[in-house]
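Report on one structure; see the data block that follows.
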Amino acid sequence: MHDLLPPGVLLNIPPFLMKAQFSPEEARQTVTIARARIHVERAIRRIKEYKILQLIPQNLRPYSSMIFQVCGFLTTLNYPFN
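Quick note: the sequence shown uses the numbering used here, first residue 28, plus one each step.
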């Protein structure tokens, strides 16, 4: 999976439970990833609220990647992800 990522992109996957319980470090890592995941899911929800992304007109399809990036930038400039 990691070999498919573009340079500079980090994929955080929580550890899998292989024994009776997680080690203290694995438990901390799981909590950290869960906290970040909440913010990522909120950001994705906000990006989906932009109506232009619901149905991109045919004449704007070549610009769909740029449109998505602008919506993402506007989302991060908005108020906190609470």
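Cβ coordinates follow ideal geometry from the N, Cα and C atoms, glycine included.
Query	Result
If you drop the 5 nearest sequence neighbours on each side, which residues of the same chain put their C-beta closer than 7 Å to that of P42?	F49, E53, Q56, T57
Measuring CB to CB, does A63 end up less than 9 Å from G99?	no
Of the residues S91, R73, S92, which one's Cα is nearest the Cα of T102?	R73
So, helix, strand or coil for K78, using DSSP?	helix
In its own chain, which residues sit with a C-beta less than 7 Å from the C-beta of I83, not counting the 5 before and 5 after it?	S91, I94
Over the uninterrupted alpha helix (DSSP H) stretch that includes M45, give me the two end residues.	Unbroken run through M45: none, as it is neither H nor E.
Nearest-angstrom Cα distance between P107 and K46?	38 Å
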